[in-house]
Structure formats: C-alpha cells, structure tokens
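Undergrad: Mind looking over this structure? Questions follow.
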Amino acid sequence: MRRLRISWAGWRLALRLGRREAWRAKGRSALVLVMITLPVIAVVTTAVLASTINVNAAEGVDRQLGTKAAALVTAQPGIKDLVQGVDPGSGGWSAAKNRPRATQAQIRKTIGDRPMLRVDLDTYLPVRTEAGLSDGMLAAELDPTDPLAAGLFSLEDGHWPHAKNEVVVNSHLAGRGPGLGEMLTVPSLKDGAPATQLRVVGIAESAAVKNKPAALALPGSFPAVEDDQSATWLVGGGPVTWDDVRALNKLGVTALSRAVVLDPPAAALAQEGGSSDNTAAVVGALVAVMALIEVVLLAGPAFAVGARRQSRTLALMAASGSTPRQARRVVLGLAVVLGTVAGLVGLVGGIGLARAIEPIAQHYNGDWLGPFDVPWPAAVGVAAFGVVSALLAAVVPAWIASRQDVVAVLSGRRGEGKPSLRSPLLGLVLLGLGIVGAVLSTRRATNGEVFIAGSAILCVLGMVFLVPVVVALVGRLAGRLPLPLRFATRDAARHRSRTAPAVAAVAATVAGVVALGIGNASDQKENRETYTATLPMGQGLVTAQVDGVTDWTAVRGAVAKYAPKVTTTPIVGIPEQYDGAYLDLSVRADGEDQSPESYGGYGASAIVSAGAVLPSLVTGNSELAKAVDADKAAAVLRDGGAVVFTSRRPVADRATLRLEIESDTGGASTRRAKVSVPALFVHVDGRVTAPAAAVVSATAAHRLGVTPRTTALLLDGGVSKAAEENLHEALLALGTDVDAPSVYVERGYQPDSYAWLIQIVLGCLGAVLMLGGTLTATFLALSDARPDLATLSAVGAAARTRRGIAAAYAVVVALVGAVLGALVGLVPGIAVTYPLTRTAESICDDRGCVTSSQTGPFLEIPWLLIVAVVIGLPLLVAGVVAATTRSRLPLVARLD
Amino acid sequence: MSEPLLKLAEVSRVHGSGATEVRALKSVTFAAYAGELVAVMGPSGSGKSTLLTLAGGLDSPSSGTVSVEGADLASLGNNGRARLRRTSIGYVFQDFNLIPALTAVENVALPLELDGEPAGRARRAATAALAEVGLVDLAGRFPDELSGGQQQRVAIARAVVGQRRLILADEPTGALDTETGEDVLRMLRGRCDAGAAGVLVTHEPRHAAWADRVVFLRDGIVVDESGTPPVEALLDRGVVS
C-alpha cells in the first residue's frame, strides 16, 4: 500500500511539474503539440469522412426501399435452392432450367395479402446528352404517386409523369442534356429499332443516385431489356421477417427486408460473405508504424531539450533522495500532459474539420453521403495514438535524464557523455536483419512487397540507433570546416539527445523517398523495356466496331480528310464477330489446341492471305518475320493451308481448322465447320504478338464456308496526334449508338504521366518532412545555444553570425540525415524491384506448369531525385532557415 | 594630451519603468587610460557589471555618452560596436564563457576569425596568445578538458589576442583558487603595463590592490575614488595645466 502511495505521489508530482513545465516553455510545448496534433487531426478527419461516406446497410435501406415499403422482392425464372443473407446479393442458388418466375399471387400467398407495387430500380440504359451518348442512366420505372414509392424520388420541379411518353430526370441529367420541357432520347438496344423519346415533365432527385444520370417513368415507358426476365415489387404492410424471406427464397424470390436489415438475425448474418484483404491490413499497419516513428523522431528533440532544461531540477531532486524512476516520471509527466492535450485537440479538431469538409466531399462524391458518422472507437484510438507517440518520444530523454551525473549538473557542466556501445550494436543487428530480410524477400513468389516493407522498417530502426554514433563521428571530423559549420557540427555532436532524433527523422523520410523512387523508376523501366509494339512505329490501325459491321468507305473518307498523306491497307480475315454472329476459330494439331494465348487486336481470329503472300502485319513485324520461314509459308498457303502461330512446338505438318458460328439472329443457332489443311507452325513467345491465330489461305476460308471480311484498316505514312484526335471523333460519329470504329497509332512506349507526378510528390513530401525535422532541431539548438551565442556576441561576432550558425545547424542535420537515409533506402528500394518487376510465364498442361520464360527484375536508380533530395534539399532547407532566422545575437545578460 | 581609451560621460542606465524601475547607474563619469588598470568595487547591485556592459557596447546607456578610443559607441550601430569588440575590446567573464564546441586555440582565435582573418593566421596569433598565458601545450583541448584556472587563462588569451587596447574583466577570479587568481591578475597587470587599459570589476580589496586606481560604486553612483590618477586624467579635469 505504501509503495502504491509513493508511486501515485510520484506521478502526481510528475504531472504537476509536467503541467508547469509545459506552460513555462510555451514555444517548445507548442512545437510538440503541433507535431502530434496534426497527424491526429488528419487521421481523425479521414476516419470520420470515410465513415460518413460509407453507407452501411441500415443507413442505405431507405435509399432502396423508400420510406414506406417493408421490403423489395425480386422474382427470377430458372433458379432454385436460393439462399440469401441480409443482402439479397449474398448467398447462392442453383440453376433450374425450366422453372418459371414466381408470380405476384404466389408471393402474396407466401407472405400475406399485402399491398405491392411493381417497380424496376436497377436497369441502366444509354441516353443522348448534349455531349453525345452517355451510358449508365438509371432508368427507373414505377408509379411515383403510389404510397409505397414514397422516399425513392423527391420532386423538385414540374410534375410526375402521367403517361408513358413522359419522364422526370434528376438535376445531374438535366444539366448534361434534356431539361424541363425537352425530349429525352433513349437509343434502342435493338439494331435498326427507333430510339424512344420521352418528354421531360419534372426534375426529381433520386435517393440512390446523385452525380449520375437518373430518370423515372411509368412502367413500360423505357425500351425493354430483352434478356431481363425478372420482376421486382415493393411490398407494404407490416415487417417482412426472416422467416418470410426464407419462404420467399424457396419460391426463387430474393428479398431486401427493412426489418432484417435493421435487426439482422444470426442466420442471416451467417450467409453474408466476407473477404479479408490481409495485404491491405498489413500495409495499413506498416504505414501506421512508419507514421508513429516519424512523429516520435520529430517530437523527440523537444523532449530532449526539455529534459536537459529540467536537469538541475532533477539533480536537486536526486540530492533530496529521488530515485531514477521518479526522475524519469518527471520527464514522462510532461509527455503525458502534452500528449493528452494533443490527443484531445486532435480529436475535437478532426471531427470539426470533417464536419466542415463534409459539404465539399458531398459535392465531389457521386453518391449521397450517409449521415455524419463519427467512428468513436477508431477516433479515440487515434487520439490515444497522440498520447502514445508523446510518451515514446519522451522515453529516451527520460531514460538519459534519469542517469545524469548529479555532481556534474550541479556544478554547471553542459554536454553529454560519450555514446554507449549498446545502442549502436543493437542498431547494427537490426540493420543486418533488415538487409537479410530484404534479400530473402526478393525470392518470395507472393507478398514479397509486404515482407520487404517490414524489412525496411527494421533497416530504419537500425539506422535510428546508429545515428548518435554517426553524429559523434561527424563532430570529430569538423576541425577544418569554417567557423559556423565547425561550431554547429560539434555542438550537434555534443548534444546528441537533441540532434539524433531530428537527424533520424530526416533519414527515415529520405529512406522512404529513395525506396519508393527506385521502385517507381524501376517499374517504369520494366514497362519501357517490355513494351511490345503492336504495330511498326508510326503505323496506325482502324478497327471495326464490335459487331463487325463497318462502313469502310466512310472510314477511308475520314482518313483521307484528316490524314491525307496516309495510305490505307485493308486487313481481310475471319472476323470474331459479325452482324450478331460470333465466330470462334480454333486450330488443333497433335491432338492439342495450338491457338496462342493472345493475339491480334485486328478483330480477326485468322487473317486471310492474298494468294501465297504473307500479309504486311507479319512481314512488317521484324520479330515475327524472323520467326517465319517465308518460303515454307508461301508453299503452305499456295497449297490451300495455313500458317499457324502457337506458343507450343508441334511436330505435325497439318492442322485442323475448326470454326464455330453462333448466331442469335432469328433464334439461337450454331454452325460448325472443320477442315484439315497443310500447316506451317510458327513458335511465338510472350515477347512477340501474333496478329491472329493463323494466316489462312483463301481456299481454306472458302472450305470453312466463311466470307472473309475487312476487319481493320492499316494506316501508313505517319498520323500526327492532332490528326489522330480528329479521326477519333469522326469515327465516333460513324458508329451506331452502341459502339464505333476506333483508331490506334503506334507511337512506341508512352511513359505513364503519373510516373513523373509520383517523383515530384515524393520530392515534395521529402522536402516538407525534411524542413519540419530540420527546423525543429535548429530552433531547439539555437535556443539551447543561447549562452554560446551571447559569448560570440561579446567577442564581436556580427549580427548575421546567428543566421549563419542557424543555416549551419540546418545543413548538418539535413545533410547527415539525407546521406544516411539515402544509403539505407537503397536496400528496400533495390529489393522491391524483384517482386515488382520480375514476371514469369508458365506453360501448363496436364502434368503441371513449367516456367517458360522470365523477364526482369529491372532496376533503375532515379539519380536526379536522389541528388535533389540528398544535396539540393538540405541546401534549400538551410536557405529557408537562414532566411527566416532572426539575425540579432543575444547580448550577455546582466551579470550581477 | 592623450585621450582616455574608455570614457563614460554622465552615463545613466535605467531598467524597466514605473514601479519596477531600477536605476543601475546614475550620471556616472568614468575614464580609463592606456597603461592603467582601474578597479571598480562596490556591493552587489551597485552597478559594476552594468558599467562593464556599457563599456563593452553590449548595452546602451539611457543617457550620457560612452566612448572607446574616441568613438561614441551610440553613433557606431550594432555592427560597429561588434567590430570594436573584435578588434579593440577584450572581455573576461567570471564564468569564463568559453565555447564548449571549440578547442582552446579556436576559442582564442575566435575574434580574429570573426573579423575575417584567414584561419591559419588566426590560429598562429592564438597560439602566440596561449603561449603568453603558458597554455600552448593545451591548445587542442576542449574547455571541459581544462581546469577552471586553465579555462580562465584561455579566456584572458582570447581577450588580449591581437592588438586589443581595452580589457574589461568582470570578477575574473571569482571561480578560481587564490593562487590561480593571483596568476590571472598578474597577466592582466602585465597587459596594462604593455599599454592596454584595463577595467577590473571586483569586490575583493586584495584584487583591487593590483590596480592603479579604485572607483567605488554604490547604488549606481561613484561615491569615492582612490589611487593616483594618471597625468592625463588630471589634465583632463583641469587639475594641472
């Protein structure tokens, strides 16, 4: 009991001293508060906004059912053994081929005689807008005046539709096209059928959809979607229970029940699937750990200086009988006070900021946000992070303060003793483990990046423990430097407890920037070197629209208009799709399907040759041309055969061409044809893309009973970017409402525009954190060095000397940190290129898979970024510090 | 007739205002000539250290003028006063006030380096100054590797390096034992005999005995003066013609 009393008294004293010290050293306290509060505010704001944006089932039920309906039931034909959870989309069912759809009467019989309203709330159709064609308009059909429909749409202007040629639209659609009083045009989904025109008689907002087009009309107003045979009703009356839902499931009817959503039974929840994305959780944890390390390192120097300012107090306490533990509590007491204030301010500030940002988030969010929602467990946890980070930042200074030489302090000696060996040894061990871990992680087939990130944290922690030794070493080497640098370097080395955390913060930041920079640059290198040109450089290609029916005369006219110097060459082949029919060509030999895994982009499964001449798509592709024996190919084509592109190595000299044509026109039908032809097999690996599965002779195509068609148009002679854009728009206008011909011009590898943006963002992030860490250390060092600066003034230093010394402090912290960080960052940076840029291709058969080829890893060091961060940024930071530092030196205080 | 190296004419210094006003010096007239060591004595709070800080240009008087080598410090500005401290005025503090991050020779060379002297020349001059005080063998040591007496001798070397002509010493023996204190005063005396002017703030009569004159301060006023003023001082006052 006595021990508890002593312990509590010790903490009470520590908290009292901490409170007074925090108030006395307002500047330093403010610095710590900023370091800790800002991340707490940022995370709390993000968590609150994310929770608000996320509409859970209970929050979203009104958006799907309105405010009055008890349930939304959907009947579909052809299903049985339906099992669902709270969400009708969860669970599963089996196919029952001829089972008809449940009727309204059957549903009423199952759940009682309730009011029901037929609705369609999940059909999306294309619609004409001022810009052209927009797909994805919610085409809702229901009677909006029925009480059961209340809350699904809210009328803002005009009136509800009274007839089937009337419609109301939401403000988003009205802003992009048909407004009040104008005509809404919905293209038909059937070729040749006229579009549906509806008059817009009102503006109404959908509860479900905000920044997407939505329209509401009476049932039967919109064009029917042919293969949709489901029927949906809103159901009124009392609650639809879980037993009712199960009974409906037996009919093949899914149900979204308000009662089940708001109070889900265990059986319903058991059906809800869940997928855990371990990778996301691990990455999130790693990011949180790194953020914690950064905050601790940035706030550490402030606690170190505070501890030293309190050293006389602690020495006097020791002279009065305090223990080292009680001395530590005095320093930690300040951390508890500041951390608690930071956590509370961050919590309140984060919630307030989220509230202020909510309207902006709503403006840019495509859907309606949920109710303002504070995830209290997460928010309080983040606030606790503030307290934890302050405590962690103060742990080392508290430990050092508790072990100070009392006599030395009372006799006024400043500075710290020699660095101990334990920490650097621990640092070497951690760094070694991190390096070994990174090397081993490069061999992992999966999740290598995650393990490398973990190794990176070990490397950074090891580096943190080595920083004091490095700083002390740099201090010893400062003898020949100019005065301000010599002073700053040695002073920084003498006060390692203040300097080392700031250097470590800068180093950790630079390590991250360098590692990410190498990963990004290497990724770009991989893309650049593995890029496979689809066409010879500068050549263009116009491909047919999806259904294969294209007015090639009009296409040629558009090309002649916008790219008059270009010559066009038609690609004639067996189309993959034409006029509603799907043509599937396969090539077999040696009892196996020889079709390559991927090919083309020319809309043809096989190119039909003109006589015995290989098409320019083959001869113009240098890699492909090398693989083809031109004489043998000519001989095979002359004999009515085929040149087959395959990733295998068959030994046969004949192939079986199989063609299956599925047509939906006038009812489903399938026609098959099979011919055996002489064949030349050409091996293609992943680096070469074949234009089609095969080049077949006209004879072979005729024997298959298929008419070769133009599937694409080659453009030679150079198409400028401007001409390509004009051609693209012109081709769009040629298309049907659903698709149009498209143009592609081979311009070689085009760097990802995001790559440069990432490098710039990394550089800026490094600059901000480096500036933060350096300013912290410099501000504290100048404050700490006040007596020395007064001495300099007394011996005649000019006023600008203070500025020079401040800049020198900044250079020391930033440069040492940057160099260390760059060296450590190389480890995870190089390691991560392995999982990121190494790809292996396998050939699989009944016996298993064998790696057929491997590319990578690719390594590119972004030297410009590294030089900028290691040399440029420290100089820039020093310049900022020099420019913002007061130049007046303190004068010697009154001495009597 | 030679001018005093240091002259305070009707100098007053007031700190604070209203109820917290403190008059550290009240119309004090004081002079120190080349070749003489003047001791300033008085109880705590009498204004001794204020007089020294005004003399060194580290503070400005509320009224009156302070001149060093004939130059009115008020007209020089901060940079001008700093230059004077680098080239003409040497300070010796009770607490030594050496820069812990610089070695002994670097501390002594500090004013020269600040004045733009090349590092090599500054170091040579500093080494010579350290030799004068008998510490050339400890030139490479840091202050916390030196004893109190050694640190004070380094501080004196810093105060006299170059061609400084005015040395201001504020209780330079306060933190030293008797023998070391005597050594320090001997060095100061020697410097004054070589032509510098020295002002020594002390409250020890036996230390004041090293001086040519002793000025007594109480409550910011010169209440007494003993010792023989130099001829120049007498000429100045019109005592002799």
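Protein chains in written order, with this note's numbering: chain A, 59 to 954; chain B, 1411 to 1651.
Glycine is no exception: its CB is placed at the ideal position from the N, C-alpha and C atoms.
Is the distance from the Cβ of A:L456 to the Cβ of A:R386 below 9 Å?
TA: Counting from one through the first sequence, the residue named residue 456 of chain A turns up at place 398. Counting from one through the first sequence, the residue named residue 386 of chain A turns up at place 328. Sequence check: residue 456 of chain A is Ala here, not Leu. Their beta carbons are under 9 Å apart, which means A:A456 touches A:R386 by this criterion.
Undergrad: For A:D335, count neighbouring Cβ atoms within 10 angstroms of its own Cβ and tell me buried if that reaches 16, exposed if not.
TA: Counted from its first residue, the first sequence places residue 335 of chain A at position 277. Low per-residue confidence applies at A:D335: pLDDT is 49, beneath 50, and the placement is therefore not dependable enough to give any value.
Undergrad: Taking 7 Å as the limit between beta carbons, can you name the residues of its chain near A:N307, skipping five residues before and five after?
TA: By one-based count along the first sequence, residue 307 of chain A stands at place 249. So the list reads L140, V141 and Q142, once near-sequence residues are dropped.
Undergrad: How about A:A128 and A:A305: do their beta carbons lie closer than 9 Å?
TA: To locate residue 128 of chain A, count along the first sequence from 1; it is residue 70. To locate residue 305 of chain A, count along the first sequence from 1; it is residue 247. For A:A128 and A:A305, no; Cβs fall outside 9 Å.
Undergrad: For A:T765, does the three-state DSSP call read helix, strand or coil?
TA: Residue mapping note: residue 765 of chain A aligns to position 707 of the first sequence, counting from 1. Coil at A:T765, not helix or strand.
Undergrad: Check whether the Cβ atoms of A:P271 and A:M195 lie closer than 9 Å to each other.
TA: As a first step, residue 271 of chain A is located in the first sequence; it is residue number 213 there, counting from the start. As a first step, residue 195 of chain A is located in the first sequence; it is residue number 137 there, counting from the start. Yes, the pair counts as a contact, with Cβ atoms nearer than the cut-off.
Undergrad: Does the beta-carbon of B:G1544 have 16 or more other beta-carbons within 10 angstroms, so that it is buried, or is it exposed?
TA: As a working mapping, residue 1544 of chain B is identified with position 134 in the second sequence. Result: exposed.
Undergrad: Among A:S315, A:T626, A:G763 and A:V938, whose alpha-carbon lies nearest the alpha-carbon of A:Q597?
TA: Indexing the first sequence from 1 puts residue 597 of chain A at position 539. Of the listed residues, the one whose Cα sits closest to A:Q597 is A:T626.
Undergrad: Measure the C-alpha to C-alpha separation of A:F545 and A:A536 and round it to an integer number of angstroms.
TA: Along the first sequence, read from residue 1 onward, the residue named residue 545 of chain A stands at position 487. Along the first sequence, read from residue 1 onward, the residue named residue 536 of chain A stands at position 478. Near 8 Å, if we compare the C-alpha coordinates of A:A536 and A:F545.
Undergrad: So A:S755 and A:A713 are supposed to be a Cβ contact under 8 Å. How far apart are they, rounded?
TA: One-based indexing of the first sequence puts residue 755 of chain A at position 697. One-based indexing of the first sequence puts residue 713 of chain A at position 655. At roughly 12 Å, the Cβ-Cβ gap does not stay under 8 Å, so A:S755 and A:A713 are not in contact.
Undergrad: Within 9 Å (strictly less), CB to CB, does A:R552 reach chain B?
TA: By 1-based counting over the first sequence, the position of residue 552 of chain A is 494. Cβ-Cβ to chain B under 9 Å: yes for A:R552.
Undergrad: Compare the C-beta of A:G570 against all C-beta atoms of chain B and say whether one is closer than 9 Å.
TA: Locating residue 570 of chain A in the first sequence gives position 512, where the first residue counts as 1. A:G570 does not count as touching chain B.
Undergrad: Hey, out of A:L672, A:P932, A:G570 and A:R552, whose CA is closest to A:D842's CA?
TA: Position 784 of the first sequence, counted from the first residue, corresponds to residue 842 of chain A. For the residues A:L672, A:P932, A:G570 and A:R552, the minimum Cα distance to A:D842 belongs to A:R552.
Undergrad: May I ask which residues mark the beginning and end of the beta strand (DSSP E) holding A:M174?
TA: The residue you call residue 174 of chain A lines up with position 116 of the first sequence. That run of the beta strand (DSSP E) goes M174 to V177.
Undergrad: Under a Cβ-count criterion, where at least 16 other Cβ atoms within 10 Å of its own Cβ denotes burial, should A:F430 be classed as buried or exposed?
TA: Along the first sequence, one-based indexing puts residue 430 of chain A at 372. It is exposed - the Cβ of A:F430 has fewer than 16 other Cβ atoms within 10 Å.
Undergrad: Along the stretch 869-898 of chain A, what residues have a CB closer than 7 Å to any CB found in chain B?
TA: Hits within the stretch: zero.
Undergrad: Whose C-beta lies closer than 6 Å to the C-beta of A:S109 among residues of the same chain, with five residues either side of it excluded?
TA: What you label residue 109 of chain A is simply residue 51 of the first sequence in a count that begins at 1. For A:S109, where only same-chain residues beyond five positions count, the Cβ hits under 6 Å are D431 and P433.
Undergrad: Going along chain A in order, which residues have a C-beta closer than 9 Å to the C-beta of B:L1524?
TA: On the second sequence, position 114 is the one that residue 1524 of chain B refers to. Going along chain A in sequence order, the residues near B:L1524 (Cβ under 9 Å) are L541, L850, V853, G854, A855, A856 and T859.
Undergrad: Considering Cα atoms alone, identify which of B:E1614, B:I1566, B:G1457 and B:F1506 is closest to B:G1600.
TA: One-based indexing of the second sequence puts residue 1600 of chain B at position 190. Comparing Cα positions, the closest option is B:I1566.
Undergrad: How big is the Cα-Cα spacing for A:V702 and A:D648?
TA: Counting from 1 along the first sequence, the entry for residue 702 of chain A is found at position 644. Counting from 1 along the first sequence, the entry for residue 648 of chain A is found at position 590. Rounded to the nearest angstrom, the two C-alpha atoms are 13 Å apart.
Undergrad: Taking the straight line between their C-alpha atoms, what separation do you get for A:S288 and A:A207?
TA: Translated into positions along the first sequence, residue 288 of chain A becomes position 230. Translated into positions along the first sequence, residue 207 of chain A becomes position 149. One C-alpha to the other measures close to 19 Å.
Undergrad: Interface residues of chain B around A:D842 at Cβ under 7 Å?
TA: The sequence position of residue 842 of chain A within the first sequence is 784, counting from 1. Chain B residues near A:D842: none, gap ~11 Å exceeds 7 Å.
Undergrad: Of all the options A:F211, A:A221 and A:I415, which has the alpha carbon lying nearest to the alpha carbon of A:V227?
TA: The residue you call residue 227 of chain A lines up with position 169 of the first sequence. The residue with the shortest Cα to Cα distance from A:V227 is A:F211.
Undergrad: By Cβ distance below 6 Å, which residues in the same chain neighbour B:I1499 in space, the five residues on each side in sequence not counted?
TA: For the purposes of this step, residue 1499 of chain B is taken as residue 89 along the second sequence, with counting starting at 1. Hits under 6 Å: G1466 and L1576.
Undergrad: Kindly give me the distance between the Cβ atoms of A:L256 and A:A275, rounded to whole angstroms, as I take these residues to be in contact under 8 Å.
TA: Position 198 of the first sequence holds residue 256 of chain A. Position 217 of the first sequence holds residue 275 of chain A. Indeed, because the Cβ distance is near 6 Å, the residues count as touching under 8 Å.
Undergrad: Please tell me whether, using a cut-off of 8 Å, the distance from the CB of A:L840 to the nearest non-hydrogen atom of the ligand COA is below it.
TA: The model depicted lacks the ligand COA and carries no ligand whatsoever.
Undergrad: Any idea what DSSP makes of A:F430, helix, strand or coil?
TA: Counting from one through the first sequence, the residue named residue 430 of chain A turns up at place 372. A:F430: coil per DSSP, three-state reduction.
Undergrad: Cβ of A:F361 less than 9 Å from any chain B Cβ?
TA: Counting from 1 along the first sequence, the entry for residue 361 of chain A is found at position 303. With 9 Å as the cut-off, A:F361 does not count as an interface residue toward chain B.
Undergrad: DSSP three-state label for A:T913, please.
TA: In the first sequence, the residue the question calls residue 913 of chain A occupies position 855. Of the three classes helix, strand and coil, the one that applies to A:T913 here is strand, per DSSP.
Undergrad: Kindly say whether A:P845, judged by its beta-carbon, lies nearer than 9 Å to any beta-carbon of chain B.
TA: Residue mapping note: residue 845 of chain A aligns to position 787 of the first sequence, counting from 1. Chain B, which has a Cβ nearer than 9 Å to the Cβ of A:P845, makes this yes.
Undergrad: Once you ignore the five residues that flank B:A1585 on each side, which residues in its own chain have a CB closer than 8 Å to its CB?
TA: Looking up residue 1585 of chain B in the second sequence gives position 175. Cβ neighbours of B:A1585 beyond the five flanking positions: Q1504, D1505, F1506, G1558 and Q1562.
Undergrad: On the criterion of 16 or more Cβ atoms from any shown chain inside 10 Å, does B:V1633 qualify as buried, or is it exposed?
TA: As a working mapping, residue 1633 of chain B is identified with position 223 in the second sequence. Counting Cβ neighbours within 10 Å, B:V1633 comes out exposed, since fewer than 16 surround it.
Undergrad: Step through the CB atoms of chain A and report whether any lies within less than 9 Å of the CB of B:Y1501.
TA: Locating residue 1501 of chain B in the second sequence gives position 91, where the first residue counts as 1. Output row for B:Y1501: interface = yes.
Undergrad: Kindly indicate which three-state DSSP category A:V960 falls into: helix, strand or coil?
TA: Outside the displayed span of chain A (59 to 954) sits residue 960 of chain A, for which this structure offers no information.
Undergrad: Do you know how far the Cα of A:K623 is from the Cα of A:G775?
TA: Position 717 of the first sequence, counting from 1, holds the residue named residue 775 of chain A. Position 565 of the first sequence, counting from 1, holds the residue named residue 623 of chain A. Each residue's alpha carbon lies about 6 Å from the other.
Undergrad: Does the beta carbon of B:L1464 come closer than 9 Å to any beta carbon on chain A?
TA: Position 54 of the second sequence holds residue 1464 of chain B. For B:L1464, the answer is no, since every Cβ of chain A falls outside 9 Å of its Cβ.
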